[in-house]
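A.B. asks: Residue numbers (this note's numbering): 219 to 335.
Glycine included, each C-beta is placed from N, C-alpha and C at the ideal position.
So this is what it looks like as structure tokens:
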């Protein structure tokens with residue numbers, strides 16, 4: 219790529235919650251809906267992996283009709299960068315969502331706590 223383009227975008231509002239791990243530590247009573255002041259209904263806890271995906275490039279049309287000799291190199295390089303970023307983004311998201319040691323420990327604590335009821 220031989221140039222840079224900048225786009226200005228006005229954002230009216232935005233909201234986000236970003237986490238780089240699974241659900242973490244919490245009390246078994248909360249998981250089972252048995253703690254004081256907790257609603258008595260089933261609760262799902264977990265993560266929905268979200269990741270950025272770069273689609274196929276769409277030409278602007280500005281260079282239509284202009285003869286270029288090096289365009290194949292640009293397109294191939296762009297394809298490789300796009301595919302690599304897609305793969306890395308998906309891998310990171312799925313790894314962050316996977317149950318780690320804390321979640322495995324919580325699963326065991328919930329199981330033990332439930333047996334005491």
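Note the first and the last residue of the continuous alpha helix (DSSP H) segment covering residue 322.
C.D. replies: First-last of the alpha helix (DSSP H) with residue 322: 319-333.
A.B. asks: Tell me whether the beta-carbon of residue 307 lies closer than 8 angstroms to the beta-carbon of residue 267.
C.D. replies: No, the pair does not count as a contact, with Cβ atoms beyond the cut-off.
A.B. asks: Taking the C-alpha atoms as reference points, what is the distance between residue 275 and residue 317?
C.D. replies: Near 35 angstroms, if we compare the C-alpha coordinates of residue 317 and residue 275.
A.B. asks: Skipping 5 residues on each side, what residues in its chain have a beta carbon closer than 6 angstroms to that of residue 161?
C.D. replies: An answer regarding residue 161 cannot be provided, because it is not within the stretch 219 to 335 covered by the chain.
A.B. asks: What does the Cβ neighbour count give for residue 319, buried or exposed, with the cut at 16 atoms within 10 Å?
C.D. replies: Exposed, because fewer than 16 other Cβ atoms sit within 10 Å of the Cβ of residue 319.
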